[in-house]
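The opening residue of the sequence shown carries number 5 in the working numbering; numbering runs sequentially from there.
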Amino acid sequence: MQNFVCTFVGDAKYKRIDTKAVPNADLYQLLAYVTAFNLPGGLLVYAKGETEPVDHVVRHANKRLEVVAVDLAGAIDDLHAAIDRLAERVCRLRAEATGDLLGGRLGDGLVLGA
5 MQNFVCTFVG DAKYKRIDTK AVPNADLYQL LAYVTAFNLP GGLLVYAKGE TEPVDHVVRH
65 ANKRLEVVAV DLAGAIDDLH AAIDRLAERV CRLRAEATGD LLGGRLGDGL VLGA
(Lines of atoms letter the chains of each structure in order from A and count residues from 1; the text may use other names and numbers.)
(Lines give C-alpha, C1' and ligand atoms only; values in the text may rest on other atoms or scores of the structure.)
Protein backbone atom coordinates (compact mmCIF):
# COMPACT_ATOMS: atom_id res chain seq x y z
CA MET A 1 0.00 0.00 0.00
CA GLN A 2 1.28 3.47 -0.89
CA ASN A 3 1.34 6.30 1.60
CA PHE A 4 0.08 9.56 0.19
CA VAL A 5 0.71 12.95 1.71
CA CYS A 6 -1.65 15.82 1.04
CA THR A 7 0.35 18.85 -0.08
CA PHE A 8 -2.50 21.22 -0.95
CA VAL A 9 -6.13 21.87 -0.10
CA GLY A 10 -8.42 24.13 -2.04
CA ASP A 11 -12.14 24.68 -2.12
CA ALA A 12 -13.98 26.01 -5.17
CA LYS A 13 -17.22 27.91 -4.59
CA TYR A 14 -19.53 28.63 -7.48
CA LYS A 15 -20.81 31.96 -6.23
CA ARG A 16 -19.95 35.64 -6.40
CA ILE A 17 -17.99 36.95 -3.47
CA ASP A 18 -16.66 40.22 -2.13
CA THR A 19 -13.22 39.09 -0.99
CA LYS A 20 -13.32 41.71 1.75
CA ALA A 21 -16.39 39.99 3.26
CA VAL A 22 -15.82 36.26 2.81
CA PRO A 23 -18.47 34.18 4.61
CA ASN A 24 -17.11 32.89 7.93
CA ALA A 25 -18.47 29.42 7.15
CA ASP A 26 -16.26 29.20 4.04
CA LEU A 27 -13.17 30.32 5.97
CA TYR A 28 -13.88 27.89 8.83
CA GLN A 29 -14.31 25.05 6.34
CA LEU A 30 -10.94 25.80 4.74
CA LEU A 31 -9.34 26.18 8.17
CA ALA A 32 -10.64 22.72 9.08
CA TYR A 33 -9.05 21.29 5.92
CA VAL A 34 -5.63 22.89 6.45
CA THR A 35 -5.65 21.92 10.12
CA ALA A 36 -6.66 18.31 9.41
CA PHE A 37 -3.86 17.92 6.86
CA ASN A 38 -1.38 19.97 8.93
CA LEU A 39 -0.74 22.42 6.09
CA PRO A 40 0.42 26.03 6.45
CA GLY A 41 -2.37 27.35 4.22
CA GLY A 42 -5.09 26.70 1.70
CA LEU A 43 -7.01 28.36 -1.11
CA LEU A 44 -10.65 29.39 -1.55
CA VAL A 45 -11.62 30.04 -5.17
CA TYR A 46 -14.83 31.85 -6.07
CA ALA A 47 -16.45 32.02 -9.51
CA LYS A 48 -16.66 35.81 -9.53
CA GLY A 49 -15.87 38.72 -7.28
CA GLU A 50 -13.22 41.25 -6.39
CA THR A 51 -10.17 40.90 -8.59
CA GLU A 52 -7.50 41.32 -5.91
CA PRO A 53 -6.63 38.21 -3.88
CA VAL A 54 -6.94 38.48 -0.11
CA ASP A 55 -5.08 36.53 2.57
CA HIS A 56 -6.57 35.82 5.99
CA VAL A 57 -4.01 34.88 8.63
CA VAL A 58 -5.28 32.86 11.58
CA ARG A 59 -3.24 34.04 14.53
CA HIS A 60 -1.99 31.46 17.03
CA ALA A 61 -2.73 28.71 14.50
CA ASN A 62 -0.08 29.83 12.02
CA LYS A 63 -2.43 29.23 9.06
CA ARG A 64 -2.98 31.41 5.98
CA LEU A 65 -6.26 31.21 4.11
CA GLU A 66 -6.01 32.69 0.62
CA VAL A 67 -9.11 33.90 -1.22
CA VAL A 68 -9.24 34.53 -4.97
CA ALA A 69 -11.99 35.09 -7.51
CA VAL A 70 -11.93 34.02 -11.14
CA ASP A 71 -14.34 35.83 -13.47
CA LEU A 72 -15.76 33.02 -15.59
CA ALA A 73 -17.68 35.47 -17.79
CA GLY A 74 -14.61 37.38 -18.95
CA ALA A 75 -12.75 37.13 -22.23
CA ILE A 76 -11.05 33.79 -22.86
CA ASP A 77 -7.56 35.34 -22.76
CA ASP A 78 -8.35 36.89 -19.37
CA LEU A 79 -9.65 33.55 -18.13
CA HIS A 80 -6.47 31.76 -19.27
CA ALA A 81 -4.35 34.37 -17.47
CA ALA A 82 -6.44 34.00 -14.30
CA ILE A 83 -6.05 30.22 -14.40
CA ASP A 84 -2.29 30.60 -14.84
CA ARG A 85 -2.16 32.87 -11.77
CA LEU A 86 -4.28 30.36 -9.86
CA ALA A 87 -1.90 27.53 -10.78
CA GLU A 88 1.05 29.62 -9.58
CA ARG A 89 -0.68 30.11 -6.20
CA VAL A 90 -1.29 26.37 -5.92
CA CYS A 91 2.36 25.63 -6.69
CA ARG A 92 3.51 28.19 -4.13
CA LEU A 93 1.23 26.76 -1.43
CA ARG A 94 2.51 23.28 -2.19
CA ALA A 95 6.09 24.51 -2.00
CA GLU A 96 5.41 26.03 1.41
CA ALA A 97 3.84 22.78 2.60
CA THR A 98 6.70 20.59 1.42
CA GLY A 99 9.63 22.95 1.85
CA ASP A 100 10.28 22.70 -1.90
CA LEU A 101 11.21 26.21 -2.99
CA LEU A 102 10.71 25.25 -6.64
CA GLY A 103 7.11 24.18 -6.04
CA GLY A 104 7.37 20.78 -7.69
CA ARG A 105 4.99 19.75 -10.44
CA LEU A 106 1.31 20.52 -10.17
CA GLY A 107 0.09 16.93 -10.60
CA ASP A 108 2.15 15.19 -7.90
CA GLY A 109 0.11 14.36 -4.79
CA LEU A 110 -2.43 17.10 -5.34
CA VAL A 111 -5.82 16.98 -3.59
CA LEU A 112 -8.37 19.54 -4.75
CA GLY A 113 -11.41 20.08 -2.57
CA ALA A 114 -12.87 17.50 -0.25
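Glycine included, every Cβ here is placed at the ideal spot set by N, Cα and C. As the structure is a computational prediction, the values presented were derived from the model and not from experiment.
Assumed close pair Thr39, Lys19 - CB separation to whole angstroms, cut-off 8 angstroms
So it is not a contact: roughly 24 angstroms between Cβ atoms.
Looking at the structure shown, is Ala25 part of a helix, part of a strand, or coil, going by DSSP?
helix
Member of Ala79, Ala86 and Leu97 whose CA lies at the smallest distance from the CA of Leu69
Ranked by Cα distance from Leu69, the options Ala79, Ala86 and Leu97 are led by Leu97.
Strand pairing of Val72, partner residues [DSSP]
Val49
For Thr11, collect the residues of the same chain with a Cβ closer than 6 angstroms to its Cβ; drop the 5 residues on either side in sequence, then sort them by chain order.
Arg98, Ala101, Thr102 and Gly113
Coarse secondary structure for Asp88, derived from DSSP in three states
Asp88 falls in the helix class under three-state DSSP.
Using the Cα positions of Cys95 and Gly45, report the straight-line distance between them to the nearest angstrom.
One C-alpha to the other measures close to 12 angstroms.
Can you tell me which of the three DSSP states Ala77 falls into?
coil
Could you work out which residue in Tyr32, Val9 and Arg93 is closest to Ala73 when comparing CA atoms only?
Arg93
Closest by CA to Val9, which one among Pro57, Ile80, Ile87 and Asn42?
Asn42
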